[in-house]
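Engineer: Counted the way this note's numbering counts, the sequence shown spans residues 35 to 162. I'd like to ask you about the structure that follows.
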Amino acid sequence: MAIAKAIRAPMWQWHIYLGYALGILLVWRLAMAWKNGGLGYVEPDLHMRLLHWGYRILYLPLAVMVLTGLIAAFYKDLGIAKDSIAWAKELHETVAWAIIAFVPVHIAVVVIADNTDQKWIVSKMISG
Numbered sequence: 035m036a037i038a039k040a041i042r043a044p045m046w047q048w049h050i051y052l053g054y055a056l057g058i059l060l061v062w063r064l065a066m067a068w069k070n071g072g073l074g075y076v077e078p079d080l081h082m083r084l085l086h087w088g089y090r091i092l093y094l095p096l097a098v099m100v101l102t103g104l105i106a107a108f109y110k111d112l113g114i115a116k117d118s119i120a121w122a123k124e125l126h127e128t129v130a131w132a133i134i135a136f137v138p139v140h141i142a143v144v145v146i147a148d149n150t151d152q153k154w155i156v157s158k159m160i161s162g
């Protein structure tokens, strides 16, 4: 039991660090989009417009996950009773599992697109 507790503590710290990193990257991405004229993409075909709207919509659950994680982490500093944050923890976990489920679907769709009509899409995503 002591070994499990010793392993769990560093894993929890990584969870917190990765949450901060996600929050910083999300704010950075939104700031860069704002600086470059917002999240508006001008794409000629419907497929690409829908794709870009999907990316915009993805920012919402990411923001919810970051905000609920911060509420759960800093509830004392925010003056919130521990009993009052159950909703934040539940929503945080639900959104996290939804994003985890989304990742393999996203990877599969990108691989399919890269091997069909959108050659080099992976390179474009990495290099901009």
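All C-beta atoms in this analysis are idealised placements derived from N, C-alpha and C, irrespective of residue type, glycine included.
Tell me, to the nearest whole angstrom, how far the beta carbon of L94 is from that of I105; I am working on the premise that it is less than 8 Å.
Structural biologist: Taking the sequence shown and counting its residues from 1, the one referred to as residue 94 is at position 60. Taking the sequence shown and counting its residues from 1, the one referred to as residue 105 is at position 71. The pair is not a contact, with the Cβ atoms about 16 Å apart (cut-off 8 Å).
Engineer: Since L125 contacts A97 with CB under 8 Å, what's their CB separation in whole angstroms?
Structural biologist: Counted from its first residue, the sequence shown places residue 125 at position 91. Counted from its first residue, the sequence shown places residue 97 at position 63. No, L125 and A97 are not in contact; Cβ-Cβ is about 12 Å, not under 8 Å.
Engineer: DSSP state of Q152, grouped into three classes?
Structural biologist: Counting from 1 along the sequence shown, the entry for residue 152 is found at position 118. DSSP places Q152 in coil when its eight states are reduced to three.
Engineer: At 4 residues or longer, what runs of the alpha helix (DSSP H) sit wholly inside the stretch 63 to 110?
Structural biologist: 80 to 107
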